[in-house]
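What follows is a set of notes on a single structure, which appears directly below.
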Amino acid sequence: MHIPLVGLFASLLAAGVCAALIVAGAESVDRGTRAHLEAARRQKKDSKKEKKNKDMRTARGDADLLRGFLTSAALVVLGVLFIRHAYWTATTTYAGSDLFPSVTLQNETRLIYWDVEEAVDFVHQHLPPDSKVLAWRDLGPVLTAHTTLSAAEPGSGQSTNGSALAHAARLWTLTEQEAVHELRKLGVDYIAVKFGGAIGLTADDIGQLTTMVRLAAHVDDSISVGDFLTKAGTFRVTTAAPERLAESLLYKLSYHDFAFHQTKLGKGRGYDRARRAEIGHKFTELEELEHVFTSSNWLVRIYRVLPATNRDLRFLQA
């Protein structure tokens, strides 16, 4: 598991201190035991003159033995407290995070979804170390910080960070063909998506699509929020979803093969627990991208940008 370096150093320091205390306790117990054995062995040979010295050795042995047992008992208590503190730290640090969501079960046990860690492990094991990835704001920095992937930077030549973010948001609103055409120019190899439809996480990428559209509208006049909403002006992923939304890159990557997945008893396949609706455009075929990874709870999905065909190469050179 990938943890911050500060936490790693703290854990190593705590482990070293505990190890030193254990050794000290064991040595104390050993000294006390040896003193008692030595006293017993010499009991028959002791003269009256040496009785006083024997009593002193026995007393020292008793003290060492008692000190050893007390040290061991203290270590047990400290160990229990340390484990409880580590568990509390992990749960309070990650629980409630959009990247490490959690649920409380009926027995009051807290369950944390470690899908991001699973995705990081997959990247380490299967993706080329010099790959470039496109991901939205919160997932992207985590993947690039814990792996050797580099982040795609659409609009990096713009004068402000806000403008660069708008260009990045624009890519998610385009169709697959339009987006991939630009991604190839940027040298992007993979696209990572955070999707909460299987576990009920509303703060996922598609839950932020309207925000992306508003940002993209600042750099592309052809993009309008209204094109991604129903006639009633609401955001829906059902059959009421407009074609512009259903054909967008983010919609296709979020819901690819989701129609075959059962998320809730009593609901049809492809039921989005975050939007509380069954998706309308279920069979989204990919033409320019290839699915390579979906985490256990569907929270992280990764796609590979396929090599350009001869036709695509002509467009890239244009």
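Reading the sequence shown from the start, the letters are residues -19 to -1, 1 to 299 in mature numbering (1 follows the signal peptide of the UniProt record, and there is no 0).
Even for Gly, the Cβ is constructed at its ideal location relative to N, Cα and C.
{"Query": "Boundaries (first-last residue) of the beta strand (DSSP E) holding F274", "Result": "270 to 275"}
{"Query": "Beta-carbon contacts of H242 that lie in its chain and below 8 Å, excluding the five residues immediately before and after", "Result": "A179, R250, G251, W279"}
{"Query": "Residue from A149, Q106, S144, E134 whose Cα sits closest to the Cα of T128", "Result": "Q106"}
{"Query": "Nonlocal neighbours in the same chain, by C-beta distance under 6 Å from A227, ignoring five residues either side", "Result": "H262"}
{"Query": "Contiguous beta strand (DSSP E) assignments of at least 3 residues, all confined to the stretch 106 to 151", "Result": "113 to 115"}
{"Query": "Cα-Cα separation, V161 to L230", "Result": "9 Å"}
{"Query": "Sheet register partners of V286 (DSSP bridge)", "Result": "L270"}
{"Query": "Distance between beta carbons of T154 and A197, contact taken as under 8 Å", "Result": "5 Å"}
{"Query": "Identity of the residues DSSP links to S229 by a beta bridge", "Result": "T156"}
{"Query": "Local conformation of V200 per DSSP, three classes", "Result": "coil"}
{"Query": "A184 (DSSP reduced to helix, strand or coil)", "Result": "coil"}
{"Query": "Distance CB(D170)-CB(R254) smaller than 8 Å", "Result": "no"}
{"Query": "Three-state secondary structure (DSSP) of D253", "Result": "strand"}
{"Query": "Inter-residue spacing [alpha-carbon to alpha-carbon] between T290 and E269", "Result": "10 Å"}
{"Query": "Neighbourhood of R282 by C-beta distance below 6 Å, restricted to the same chain and skipping five residues each side", "Result": "V174, F176, T275"}
{"Query": "Enclosing beta strand (DSSP E) for I260 [first to last residue]", "Result": "Careful: I260 lies outside any beta strand (DSSP E) and carries neither H nor E."}
{"Query": "Assigned exposure category for P82 - 16 Cβ within 10 Å defines buried", "Result": "buried"}
{"Query": "Rounded separation between D208 and A150 - CA only", "Result": "15 Å"}
{"Query": "Contact check, E157 vs K233, beta carbons under 8 Å", "Result": "yes"}
{"Query": "D96 and S277 closer than 8 Å at C-beta", "Result": "yes"}
{"Query": "Coarse secondary structure for A100, derived from DSSP in three states", "Result": "helix"}
{"Query": "Option nearest H148 by Cα separation, candidates V194, V206, G121", "Result": "V194"}
{"Query": "Backbone secondary structure at Y236 - three-state DSSP", "Result": "helix"}
{"Query": "R295 (DSSP reduced to helix, strand or coil)", "Result": "At R295 the pLDDT is 48, less than 50, meaning the model places this residue with poor confidence; the figure from the coordinates comes in the next sentence. The answer is helix: DSSP assigns R295 an H, G or I state."}
{"Query": "Within 8 Å, strictly: CB atoms of A100 and V114", "Result": "no"}
{"Query": "Own chain, CB closer than 8 Å to K248, minus 5 neighbours either side, in chain order", "Result": "E259"}
{"Query": "Expected contact under 8 Å - CB spacing of L146 and E163 to nearest Å", "Result": "Contact doesn't hold; Cβ gap of about 16 Å is too wide."}
{"Query": "Own chain residues within Cβ distance below 6 Å of R256, not counting five before or after", "Result": "V218"}
{"Query": "Residues of its chain near A240, where Cβ-Cβ distance is below 8 Å and the 5 sequence neighbours each way are ignored", "Result": "R250, G251, I260, K263, F264"}
{"Query": "Whole-angstrom distance between A55 and D186, CA atom to CA atom", "Result": "49 Å"}
{"Query": "Whether A104 touches L120 by CB criterion (8 Å)", "Result": "Sequence check: residue 104 is Val here, not Ala. No, these two residues do not count as a Cβ contact at 8 Å."}
{"Query": "Collapsed DSSP secondary structure at V218 in the structure displayed", "Result": "coil"}
{"Query": "CB-CB length for L130 against S144, believed under 8 Å", "Result": "That belief does not hold up - the Cβ atoms of L130 and S144 are roughly 24 Å apart, past 8 Å."}
{"Query": "CA-to-CA distance, T244 to D238, given in whole angstroms", "Result": "13 Å"}
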